[in-house]
Amino acid sequence: MTVLIDTPVWPWRGRLWSHLVSDVSYDELHAFVSAELGIPRRAFQGDHYDVPEDLYDVAVAAGAQPVDCRELLSRLLAAGLRSRKPRRPEPRGSAAG
Numbered sequence: 085m086t087v088l089i090d091t092p093v094w095p096w097r098g099r100l101w102s103h104l105v106s107d108v109s110y111d112e113l114h115a116f117v118s119a120e121l122g123i124p125r126r127a128f129q130g131d132h133y134d135v136p137e138d139l140y141d142v143a144v145a146a147g148a149q150p151v152d153c154r155e156l157l158s159r160l161l162a163a164g165l166r167s168r169k170p171r172r173p174e175p176r177g178s179a180a181g
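Below you can see the structure in the form of structure tokens.
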């Protein structure tokens with residue numbers, strides 16, 4: 085099992101958040117989150133869960149490996165599990181270079 089978590093430095097709604105990913109599979113990530121953190125599946129963000137700072141130590145104690153944000157992204161990309169948002173189409177009539 086390789087579940088990774090970055091430092092809670094991402095601000096949102098008055099709290100700091102971490103990203104939690106797996107570099108093995110989404111199924112592994114969902115199982116870890118369900119068993120260890122109790123975060124609902126609907127909170128899945130396409131390739132990661134956002135974890136509030138008060139659950140960071142819980143996640144690490146349960147086996148999540150602390151890494152910096154660059155390492156987390158690098159491992160997610162290497163595993164082929166990075167979900168990219170689709171590009172928005174150019175508005176009609178825009179001048180394309």
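Count the sequence shown with the working numbering and you get residues 85 to 181, in order.
Here a beta-carbon is modelled for each residue, glycine too, at the ideal position from N, C-alpha and C.
How would you call residue i, buried or exposed, if buried means at least 16 neighbouring beta carbons within 10 angstroms?
{"i": "residue 106", "result": "buried"}
Could you tell me whether any non-hydrogen atom of the ligand MG is closer than 8 Å to the CB of residue i?
{"i": "residue 135", "result": "For the ligand MG, the structure offers nothing, since it holds no ligand at all."}
Would residue i and residue j be called neighbours here (beta carbons separated by less than 9 Å)?
{"i": "residue 129", "j": "residue 88", "result": "no"}
{"i": "residue 160", "j": "residue 134", "result": "no"}
{"i": "residue 109", "j": "residue 165", "result": "yes"}
{"i": "residue 81", "j": "residue 90", "result": "Since the first residue of the chain shown is 85 and the last is 181, residue 81 is not available in this structure."}
{"i": "residue 142", "j": "residue 121", "result": "yes"}
Tell me which residues share the same chain as residue i and place their Cβ nearer than 6 Å to its Cβ, disregarding the 5 neighbours each side in the sequence.
{"i": "residue 137", "result": "92, 100"}
Helix, strand or coil for residue i? Go by DSSP, reduced to three states.
{"i": "residue 105", "result": "strand"}
{"i": "residue 165", "result": "coil"}
{"i": "residue 154", "result": "helix"}
{"i": "residue 87", "result": "strand"}
{"i": "residue 99", "result": "strand"}
Pick out whichever of the options has its Cα sitting closest to the Cα of residue i.
{"i": "residue 154", "options": "102, 97, 146", "result": "102"}
{"i": "residue 86", "options": "125, 115, 127", "result": "115"}
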